[in-house]
Amino acid sequence: MKALTDDCPKPMLPLSGRPLLAHVIERLEEAGLREILVITGYKASLVEDYFREHPAARAKLSYRLQEPQNGTGKAALLGREFAGDQPFLLTFGDILVDADTYRAMFRLFGDVEAVLAVNRVEDPYQGAAVYVEDGRVTMVIEKPPKGTSTTPWNNAGIYCVGPRIFEELARVGLSPRGEYELTDAIRQMLAAGVEFGCHEIQGFWRDVGRPEDLPQAEDYLRGKP
C-alpha cells in the first residue's frame, strides 16, 4: 500500500466511509460471532481508538498487541488465552468476504478437525499454494516461486481450527523469510494427521493488499456487480 499506510494500519484504510476492518467485523457479526479478538501491531492505538468511538454493533472486541511484529504465527499464538479450549475462526484483517463464507466453514467444521478457505487463482505464488485431494487439504506451500505450483488453490486467509493449533504454533521456528509463519503450524498439523477440510469460496473474496484492490472492494461494498 506504500504511502497509503504511512499514517494508517492497512486494515483501517477507508472503504465506503468506514475502515476495512469495520466491514470485516460487521460480516463476522452477521455470521453469528459475538466475541472477537483483534491482534494489533502497527499504529495499534488507531484501531482501538476508532472502535472505542464506533463500537461494534453486536460483538465484544478485545485486543492484544503483537510486539515485535514477527509473523502470522506469533500473531495467532496471541489468541491462546482468548480461545481457551474452544474452537475458533481466524481471519486476516485485510480479507473481505461475504458472511456466508464464514457460515459455510462453520458447517464444514463439524465433519473435520479444521477448515481452510481457498480461492481459485491462475498461480498462487503471491499467497500460499494449497493442494487438495477429495475435499481435504494435503499440503500448503507459503509463497511458492512463480510458475512452480501445480494447484489452482490459494490460501484465502480464513481458518476454523481448534486449540490444538496453539501447540503447533509454539513449536514453529523462523522461516526463510525471517518470520514465524502460520502456514508452518498448518503443515505440522497435516503431518501429524489432522484432517483439514477445504472450503472453496463461492462469493466475493478480496485480499485488500495493494492499491489496485481498493476500487474492487469499494464496488463490492457499494453493491456494484
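228 is the number that this note's numbering gives the last residue of the sequence shown; the numbers go up by one with no jumps. Glycine included, each C-beta is placed from N, C-alpha and C at the ideal position. Only a predicted model underlies this, so the values are computations on that prediction, with no experimental measurement involved.
Residue range of the unbroken alpha helix (DSSP H) whose run includes residue i
i	result
T141	Per DSSP, T141 belongs to no alpha helix (DSSP H); it is in the beta strand (DSSP E), R139 to E145.
L111	A102 to F112
T94	No alpha helix (DSSP H) holds T94; the beta strand (DSSP E) holding it covers F91 to T94.
V50	A47 to E56
F207	F207 -> no alpha helix (DSSP H), and no H or E assigned at all.
K77	T75 to L80
P218	D216 to L224
D187	L185 to A194
For residue i: DSSP bridge partner residues
i	result
H26	H26 pairs with nothing; no bridge assigned.
V41	Y66
G165	Bridge partners of G165: none, in fact.
N157	N122 and A132
P17	P22
F85	DSSP lists no partner for F85.
I98	D210
G35	Bridge partners of G35: none, in fact.
G200	V118 and R139
Exposure label - residue i; buried when at least 16 CB within 10 Å
i	result
H57	exposed
A194	exposed
D114	exposed
G20	exposed
E184	buried
E171	buried
G160	buried
E145	buried
D210	buried
D187	buried
A173	exposed
P148	exposed
S65	exposed
A87	At residue 87 the sequence reads Gly, which differs from the Ala that was named. Exposed, because fewer than 16 other Cβ atoms sit within 10 Å of the Cβ of G87.
P14	buried
T151	exposed
Limits of the beta strand (DSSP E) - the one that residue i falls within
i	result
A120	A117 to R123
Contact test: residue i Cβ vs the ligand SAH heavy atom, cutoff 7 Å
i	result
G181	For the structure depicted, the ligand SAH is absent and the ligand set is empty, with no information on it obtainable.
Nearest-angstrom beta carbon gap, residue j and residue i [assumed within contact, 8 Å]
i	j	result
E32	A6	The pair is not a contact, with the Cβ atoms about 32 Å apart (cut-off 8 Å).
A120	I39	That belief does not hold up - the Cβ atoms of A120 and I39 are roughly 18 Å apart, past 8 Å.
E116	G165	6 Å
L111	Y162	With a Cβ gap of about 12 Å, L111 and Y162 do not count as contacting.
P155	V124	6 Å
L81	R67	4 Å
Three or more C-beta pairs below 8 Å linking the region 20-37 and the region 98-111: yes
Inter-stretch contact (C-beta, 8 Å, three-pair minimum) for the region 126-138 and the region 71-84: no
Contact the region 217-228 vs the region 173-180: 3+ CB pairs below 8 Å: no
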